[in-house]
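Numbering of the sequence shown is given in my numbering, commencing with residue 31 and proceeding in unit increments.
We put the CB at the ideal spot given by N, CA and C, even for glycine.
Note that the structure is predicted; figures quoted are calculated from it, not measured.
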Amino acid sequence: MKLKAVDNYQRNKSKSFVVAIVGLLLGFGCIYKTLSNYESTYQLDNEELKAAVKRKSDPLAAAVSILCWVVTSPKTHKTRAEHVKNTWGRDCNHLIFMSSQNDSHLGAVALPVSEGRDHLWAKTKESLNYLYKHHQFSADWFFKADDDTYAVMDNMRDLLKDLSAADPWYLGNRFHSKELGVYAGGGSGYIFSRKTLQMVVEKGLNDAEKCREDHDGYEDVEMGKCLANIGISMSDTRDARGGMRFLPYMPNVHADQEEMTTEDKKWFFQFTADDPVPKGMASCSPRAVTFHYVSPEEMYELDFLIYQIRLYGDESYLIR
């Protein structure tokens with residue numbers, strides 16, 4: 031009886047283990063299928079709603095035109111860039127992905143550069159030359175992002191609405207050091223006015239004394255140096271309470287004061303140019319414009335929480 035009981039126990043244990051493994055595989059499969067099919071489903075839902083509901087921010091979107099250029103690579107076209115296109119990228123007046131390989135479905139252009147972190151400065155310079163040649167009059171503002179950046183375009187337009195694109199604006203999250211100068215963190219993105227785009231290409235990129243000629247160096251740092259050398263300085267983008275609009279991490283990371291002091295994140299307080307820095311959620315502006323290190327799943331979560339969820343009594347439905 032004991033042996034039979036043990037045998038039954040082992041058999042049931044093995045069966046439970048197999049069921050658990052199958053469940054995990056099915057779960058991962060569902061997540062992958064959801065992400066891969068999200069584009070067509072989401073667009074279909076929106077097309078059905080567009081006939082009845084007009085997005086509230088349309089007038090602002092027309093008044094403040096923004097071209098978003100997103101730095102990506104062939105290996106992340108589908109794993110990252112496609113999810114940018116499915117979410118916040120739809121709110122850009124124009125959306126271009128800067129890669130080293132053309133992708134007509136994504137909207138990626140092939141720049142004559144090598145891939146890799148060591149070549150980001152070269153890719154940035156080629157991107158700016160491309161925008162100047164083909165799109166300098168396509169929009170008033172030019173927003174640079176990575177393919178793991180999430181942008182709240184309505185808040186970006188609110189930030190820009192009273193500024194003139196005819197002036198040389200350079201906006202982002204300010205960092206600095208004695209050796210590096212002041213620059214906008216690349217991951218959380220930065221914004222050029224049309225005037226800045228024109229000046230950096232016409233006066234900077236072709237002058238080795240003003241902008242670094244080789245492809246070495248940190249992209250965001252070199253961009254800050256280049257702009258400073260042609261007389262363009264960064265503006266403070268914090269809100270009236272000191273909250274950041276361009277966030278280097280997701281809000282939950284900034285909210286965790288202990289997490290922000292870990293070895294891989296304490297650089298933030300060492301290099302931030304805006305003191306004092308509020309701690310916890312106070313560091314995040316309610317009018318936040320960007321977040322960085324955002325996974326594809328988190329992009330859809332942010333999209334839903336920002337644009338779809340409604341408080342009780344609000345019957346409006348925003349369509350994007």
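(request) Any chance you could list the beta strand (DSSP E) runs of at least 3 consecutive residues sitting entirely within the segment 168-248, in chain order? (result) Listed in chain order, the complete beta strand (DSSP E) runs (minimum 3 residues) inside the segment 168-248 are 171-176, 200-202, 204-207, 211-214, 220-223.
(request) Can you give me the start and stop residues for the alpha helix (DSSP H) that His-149 sits inside? (result) Run containing His-149: none; DSSP gives neither H nor E here.
(request) Apply the 10 Å Cβ neighbour rule to Phe-276 and answer buried if 16 or more other Cβ atoms are within range, or exposed otherwise. (result) When all chains shown are included, Phe-276 counts as buried.
(request) Have a look at Phe-402 and Thr-302 and give me their C-alpha separation to the nearest angstrom. (result) Outside the shown range of the chain (31 to 350) lies residue 402, about which nothing can therefore be said.
(request) Compute the distance between the beta-carbons of Leu-97 and Ala-169, then report whether it is under 7 Å. (result) With contacts defined by Cβ atoms closer than 7 Å, Leu-97 and Ala-169 form a contacting pair.
(request) In the DSSP assignment, find the unbroken alpha helix (DSSP H) run with Trp-297 in it and report its ends. (result) Membership of Trp-297 in the alpha helix (DSSP H) is indicated by the continuous run 297-301.
(message) Please state the DSSP three-state secondary structure of Met-253.
(response) It is helical.
(request) Can you tell me which of Ser-129, Asp-121, Thr-291 puts its alpha carbon nearest to the alpha carbon of Pro-142? (result) Of Ser-129, Asp-121, Thr-291, the residue nearest in Cα terms is Ser-129.
(message) Nearest by alpha-carbon distance to Lys-153: which of Val-182, Asp-244, Asn-123, His-164 is it?
(response) With distances taken between Cα atoms, Lys-153 lies closest to Asp-244.
(request) Identify the continuous beta strand (DSSP E) that holds Leu-335 and give its terminal residues. (result) Counting along the chain, Leu-335 falls outside any beta strand (DSSP E), though it belongs to the alpha helix (DSSP H) covering 326-337.
(request) Rank Arg-268, Arg-242, Arg-271 by C-alpha distance to the C-alpha of Asn-259 and give the top, closest one. (result) Out of Arg-268, Arg-242, Arg-271, the CA that lies nearest to the CA of Asn-259 is found in Arg-242.
(message) Please report the distance separating the alpha-carbon of Ile-278 from that of Val-94.
(response) Reading off the sequence shown, one finds Pro at residue 278, where the question assumed Ile. For Pro-278 and Val-94, the distance between alpha carbons rounds to 24 Å.
(request) Take the Cβ of Leu-55 as the centre, count every other Cβ of all protein chains shown within 10 Å, and call the residue buried at 16 or more, exposed below. (result) Reliability of the predicted coordinates at Leu-55 is poor, the pLDDT of 37 falling under 50, and no value is obtained from them.
(request) Starting from Leu-125, trace the beta strand (DSSP E) both ways and give me its first and last residue. (result) Here the beta strand (DSSP E) through Leu-125 covers 124-129.
(request) Quick one: using the 10 Å Cβ neighbour count with 16 as the cut-off for buried, is Tyr-342 buried or exposed? (result) With fewer than 16 other Cβ atoms from the protein chains shown falling within 10 Å of its own Cβ, Tyr-342 counts as exposed.
(request) Using a threshold of 7 Å, state whether the C-beta atoms of Tyr-220 and Lys-174 are closer than that. (result) Yes, the pair counts as a contact, with Cβ atoms nearer than the cut-off.
(request) Take the Cβ of Arg-110 as the centre, count every other Cβ of all protein chains shown within 10 Å, and call the residue buried at 16 or more, exposed below. (result) Residue burial is scored here from C-beta neighbours: Arg-110 has at least 16 other C-beta atoms within 10 angstroms and is therefore classed as buried.
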